[in-house]
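Protein chains in written order, with this note's numbering: chain A, 14 to 110; chain B, 5 to 710; chain C, 7 to 179. Note that beta-carbon positions come from the ideal geometry of N, C-alpha and C, so glycine has one too. No experiment lies behind these values; they were computed from the predicted model shown. Shown next, in structure tokens, is the structure this report addresses.
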Amino acid sequence: MLAESLVVAGLIFVIGTLGVIVRRNVIIMFLCIELQLNAVNLTFVAFSRFVGIEGQIFVFFVIAVAAAEAAVGLAIIISIFRHYETVDVNNFNLLKW
Amino acid sequence: MWEPFLPSLIILLPLLGFAVNGALALSAARKSADAVRAGGEFDFFENGRPATHSLPTWVGPGVVLGAFLLTLVNFIGMLGADLHEPVIRSYWSWISIGEDPFSGNRLDVAAAIQLDQLSMIMMMIITGVGLLIHVFSVGYMQDDPGYPRYFAYLNLFIFFMLVLVMGASYPIMFIGWEGVGLCSYLLIGFWFSDEAKASAGKKAFIVNRIGDLGFLLAIFLLYLVFQRVDFAGVFGDAEAVFVYGGPVITTVTLFFLIAATGKSAQIPLYIWLPDAMAGPTPVSALIHAATMVTAGVYLVARSSVLFALAPLTSAMVAGIGVLTALFAATIALKQNDIKKVLAYSTISQLGYMFLGVGVGAYTAGIFHLMTHAFFKALLFLGAGAVIHSMHHALHHTKKDWDAQDMRNMGGLKAYMPYTWITMWLATVAIVGIWPFAGFFSKDEIIWMTAAMAGAEQAPYAGLYTVYWILALAAAMLTAFYMARLMFLTFHGENRTGSREAEHLHEAPRTMWIPLVILAALSVFGGWINVSTDLRESILGGFGWLPMGEWLHSWLEPVTEAAHRVQETNLGELAQVSPLGGGEWEWGLISFVAALAVVLTTLRFLGRSKVTVAVEDAEPTGFARILYNKWYVDEFYHRWVVDPVLTTSRFLWRIVDTKIIDGTVNLVGNGTRALGWVVSLFQTGQVNTYAFVLTVGVLVLLSMVVF
Amino acid sequence: MTEVLFFIFAAVALGGAVGVVMSPSPVASLLFMVTTLASTAGIFVLLEAHFLAAVQIMVYAGAIMVLFLFVIMLLNLGHEYQRDTRGIVAMIIGFAVTGGMGGLLAWQLGSGTSGLETNLGPGDAIDAALREHGAVGAIARPLFTEYVVPFELTGILLLVAIVGALVLAKKAS
């Protein structure tokens, strides 16, 4: 079970990375980041059977932090949307000096 | 063991004079600059005599007087002591370079001075004649605003010249060598606001520099051979280390020859000396007659043992000398500027000195150096007095004529009797009339040439015979042009103009007293070195006149190494000349011939008409070539100066601006380009950054894995 | 039995993930995400992390995804069906990078897991705790004793996040 779980987690992670690179909609990009987090959670849980309960506790915290991060991130996206009227990430180029 | 008396002070006194006069010159310059900037004029001549004049008048000649007295004291002391080795006083270690890791060589050069007979003679000449010229300058430069600066430079020159002759090693001598070159530049271009005069100074310095290269190369070679460059070390081992006539010694002496031709104005580097007449006349007297130009002769005489070991170079020295003597004499025949005639005369006489030291008669060369210092300084100072007087006269009537052109003079003997008489005494001395100084010195050189030509194992017998004949010819030419000079200046009728003639007057006392002293030396100065052969003949009054071979025996400790080499390799010197006849016979012949030339010239010129400079026609034919100095300057300009300028311009425009600057700019531009490339990453878009992040993670992962 | 279930859940999770990335509509992506989360929760159950499975469904799929949905609705994005993937270049680069990463992971996992189960021993590190305290107690006990500080800090973090979200999302007045 461990090896298969790890393979699945790895695949989900890689698909999430692809999504981050490929998608233009910033909300979906964010969603793919959540996918990555999910994959990591799976890895932790898979290992916790062999290493100890700490794996699951860590996943607990990851979920909590993911929630917080999702809230703040979406708030930012909303305020950007107010400025740009779009969520196409190609238009967000204020980071350029 | 003889103890010298305060020898360092001899050198330091002129340096002190330079410092004092220089400080005064700077403050005067500042005051005048401030005054001019404030809108006013700076009047140098308040109360008829400028305030800046009083201190240099006493300090300038004063320090030289002090140096002269000290030299005199030491000279007298050395006369009494029977000195066989030079006395060396070392003051501090100037250069001390440690062991070279490859060859184990060291270089130690001490700041040391050497007192022996040769340096003492030179010091007496420098300080003595220098003192007289300083005194003369007080009168000559009275009206010049640059008075303190002049004395500062003159004192500095005396300092450097003393360093040159008193140095105990070649590097110290080189310091003096360079220093006198510098002072020559400063003094020739003294009136630097006139561009031609400033250029003359530049020319002197640059041509000298070519010679300096030779000097340096010789020092380097000597170091390679000896690992030492002081005189004691080099001369002590020279005979043992060098092969007679070998390639190393020939190269070393050849480089020294190059140096000497630069400093002593011989072919091919003499071109700066006629231009140097742009400086004040006392400068011409001191530097370009009595002292600086003799540095080359001193160099050869000091390195006598090295030159004795290299017969090829010595023959070249003699050859260059006699050719220069003849060449310069021909040019002097057709010059109209009184100072130019004297300049070419100096070059010619220096050629004689070179001939002397070239054939191996080092004492004779130094002897002629000494007598030449007397009569040439006298001639220049006299010319200075004449020019001074002519300036005043022409200034009074605002006539726009050249004060130095002899065609504008004439009949000055009525107005300037002291100058006239003393200059005639100098003239007969230079021409070689018995019993004046130049006769004995020139005669000895000419005789030694003949003697060397006939030596038992003479290496270049035929060549030296030719030199001997050319030297005799040059002596005749000397008689001719000097007589011409005297006649055009002092005899005949006055061509300056009747209104001007009222203002012609004798020089003031500060100017004619040195002339008289120098005249006395020109008359009797030659009696200190008369060979026995001459002395016992009619020319020595059959032993009755108080003459002697003093100088020869005085300089013997210095020249004995060279003489030893000569005796071993050349054998006995001849007693008769190649054409037969002994020393006194030929002396008599040359005396009579010179006298005849002088009288004939005076007679011949007395009959011809001389036109003033502005009305005179251009010379034609062969005279034109002589007047234009055989077009040597033009030749150099075309074949040396212009190519150098063209190459420099090319190097500037193409190599420096395009290639070197271009490369540096390329680095800058390349960096900018690189920066532009990298800036493309900074799109400002979040997804780009996310992408880069991902790539980074990939890289890190790879690093962990591999 | 567990193997079969595991493969079903794994397949659904992967399918959902692909759907998130590929689907043109944002809402569809979101729903695919929920699917993936649910499947992962199923895998958690199979891996004896019962509590986490429940938490995943409740919090992750239930709250966070709903939040995403709210935002999508708020921004009125649900109507467009046009493609919003980036150009072909980005696709190629993306595939390359992720392919690389994937290959790397695969290789490592392949070579690393061969001896993994034997090296790590039997998968019974948590069995004792589970039997003694039950699923919830096994997590709760260390959480409130050893890890109580991170627990409290996480509470503060959530508070900060709430406040921050409020501030950021307010209309500028």
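If you follow the alpha helix (DSSP H) that residue i is in, where does it begin and where does it stop?
| i | result |
| --- | --- |
| B:Val681 | Asp665 to Ser683 |
| B:Trp590 | Glu587 to Arg611 |
| B:Asp637 | Val636 to Tyr640 |
| B:Arg653 | Asp646 to Phe654 |
| A:Gly65 | Careful: A:Gly65 lies outside any alpha helix (DSSP H) and carries neither H nor E. |
| B:Trp472 | Ala465 to Phe494 |
| B:Phe626 | Phe626 to Tyr631 |
| B:Arg34 | Pro11 to Arg41 |
| B:Ile521 | Arg513 to Phe528 |
| C:Ile162 | Val154 to Ala175 |
| B:Leu549 | Per DSSP, B:Leu549 belongs to no alpha helix (DSSP H) and is neither H nor E. |
| B:Asp447 | Ala441 to Ala457 |
| B:Ser706 | Val690 to Val709 |
| B:His292 | Here B:His292 belongs to no alpha helix (DSSP H), and DSSP marks it neither H nor E. |
| C:Asp133 | Asp133 to Thr151 |
| B:Ser274 | Correcting the residue identity first, residue 274 of chain B is Tyr in this sequence and not Ser. Taken as a continuous stretch (DSSP letters only), B:Tyr274 belongs to no alpha helix (DSSP H), as it is neither H nor E. |
Between residue i and residue j, how many whole angstroms is the CB-CB distance? I'm expecting something under 8 Å.
| i | j | result |
| --- | --- | --- |
| B:Trp276 | B:Ala617 | That pair is no contact at about 25 Å. |
| B:Ser318 | B:Val297 | Wrong, their Cβ atoms sit about 20 Å apart, outside the cutoff. |
| B:Leu17 | B:Val67 | 4 Å |
| B:Trp6 | B:Gly81 | 6 Å |
| B:Pro65 | B:Val142 | 7 Å |
| B:Ile449 | B:Gly360 | 4 Å |
| B:Ala430 | B:Ala329 | The pair is not a contact, with the Cβ atoms about 18 Å apart (cut-off 8 Å). |
| B:Ser393 | B:Leu508 | 5 Å |
| C:Leu58 | A:Val58 | 6 Å |
| B:Val309 | B:Ala23 | With 8 Å as the limit, B:Val309 and B:Ala23 do not qualify as a contact, their Cβ atoms being about 38 Å apart. |
| B:Phe260 | B:Phe219 | 7 Å |
| C:Phe74 | A:Leu44 | 6 Å |
For the beta strand (DSSP E) that residue i lies in, which residues bound it at each end?
| i | result |
| --- | --- |
| B:Arg93 | Val91 to Ile101 |
| B:Ile117 | Leu111 to Leu119 |
So, using beta-carbon positions, are residue i and residue j closer together than 8 Å?
| i | j | result |
| --- | --- | --- |
| B:Pro315 | B:Pro463 | yes |
| B:Ser535 | B:Glu576 | no |
| B:Gly323 | B:Ala264 | no |
| B:Phe378 | B:Gly529 | yes |
| C:Val26 | A:Ile76 | no |
| B:Gly1 | B:Thr375 | In the structure as shown, chain B begins at 5 and stops at 710. Residue 1 of chain B is therefore absent and cannot be evaluated. |
| A:Gln49 | A:Phe73 | no |
| B:Ala280 | B:Ala208 | yes |
| B:Ile335 | B:Trp643 | no |
| B:Val304 | B:Tyr471 | no |
Going by DSSP, what residues sit across from residue i in a beta bridge?
| i | result |
| --- | --- |
| B:Gly283 | B:Gly283 pairs with nothing; no bridge assigned. |
| B:Ser173 | B:Asp234 |
| A:Asp101 | A:Asn38 |
| B:Asp660 | BP columns for B:Asp660 are empty, so no partner. |
| B:Asp341 | B:Asp409 |
For residue i, go through chain F and note every residue whose CB falls closer than 8 Å to its CB, in chain order.
| i | result |
| --- | --- |
| C:Met107 | Note that chain F does not occur in the displayed structure, where the protein chains are A, B and C. |
State yes or no: is the C-beta of residue i nearer than 7 Å to some heavy atom of the ligand GDP?
| i | result |
| --- | --- |
| B:Pro152 | The ligand content of the structure shown is nil, which means the ligand GDP is not present either. |
Mind the definition here: the stretch 51–61 of chain A touches the stretch 47–65 of chain C only if three or more C-beta pairs lie below 8 Å; say whether that holds. Under the Cβ criterion (8 Å, minimum of three pairs), the stretch 51–61 of chain A counts as touching the stretch 47–65 of chain C.
Three CB pairs or more closer than 8 Å across the stretch 422–433 of chain B and the stretch 508–520 of chain B: With the cut-off at 8 Å, the stretch 422–433 of chain B and the stretch 508–520 of chain B touch.
Is the stretch 554–564 of chain B touching the stretch 118–125 of chain B in the sense that three or more CB pairs, one from each, lie closer than 8 Å? With the rule of 3 Cβ pairs closer than 8 Å, the stretch 118–125 of chain B counts as touching the stretch 554–564 of chain B.
Pairing CB atoms from the stretch 57–68 of chain B with CB atoms from the stretch 185–197 of chain B, are three or more of them under 8 Å? By the criterion of at least three beta-carbon pairs nearer than 8 Å, the stretch 57–68 of chain B is not in contact with the stretch 185–197 of chain B.
Count the CB pairs spanning the stretch 590–603 of chain B and the stretch 383–391 of chain B that are closer than 8 Å, and state whether there are at least three. The stretch 590–603 of chain B is not in contact with the stretch 383–391 of chain B.
Three or more C-beta pairs below 8 Å linking the stretch 66–84 of chain A and the stretch 20–31 of chain A: The answer is no - the stretch 20–31 of chain A does not touch the stretch 66–84 of chain A, with fewer than three Cβ pairs under 8 Å.
When the Cβ atoms of the stretch 502–513 of chain B are set against those of the stretch 627–637 of chain B, are three or more pairs found closer than 8 Å? No, they do not touch.
Is the stretch 8–18 of chain C close to the stretch 693–702 of chain B, with three or more CB pairs under 8 Å? At 8 Å Cβ cutoff, the stretches do not touch.
Contact between the stretch 361–370 of chain B and the stretch 441–459 of chain B: three or more CB pairs below 8 Å? Yes, the stretch 361–370 of chain B is in contact with the stretch 441–459 of chain B.
Contact between the stretch 341–358 of chain B and the stretch 499–508 of chain B is defined here as three or more beta-carbon pairs at a separation below 8 Å; is this criterion met? The stretch 341–358 of chain B, when compared against the stretch 499–508 of chain B, does not touch it at the 8 Å Cβ threshold.
For the stretch 25–45 of chain A against the stretch 59–74 of chain A, are there 3 or more C-beta pairs whose distance is under 8 Å? Contact between the stretch 25–45 of chain A and the stretch 59–74 of chain A is absent, with fewer than three C-beta pairs closer than 8 Å.
Closer than 8 Å is the cut-off here; do at least three beta carbon pairs connect the stretch 338–353 of chain B with the stretch 483–492 of chain B? Contact holds: three or more Cβ-Cβ distances are below 8 Å.
Would you call the stretch 96–116 of chain B in contact with the stretch 165–185 of chain B, where contact means no fewer than 3 C-beta pairs closer than 8 Å? Verdict: yes, contact present.
For the pair the stretch 86–105 of chain A and the stretch 168–178 of chain C, tell me if three or more CB-CB distances fall below 8 Å. With a cut-off of 8 Å, the stretch 168–178 of chain C and the stretch 86–105 of chain A count as touching, because enough Cβ pairs lie within range.
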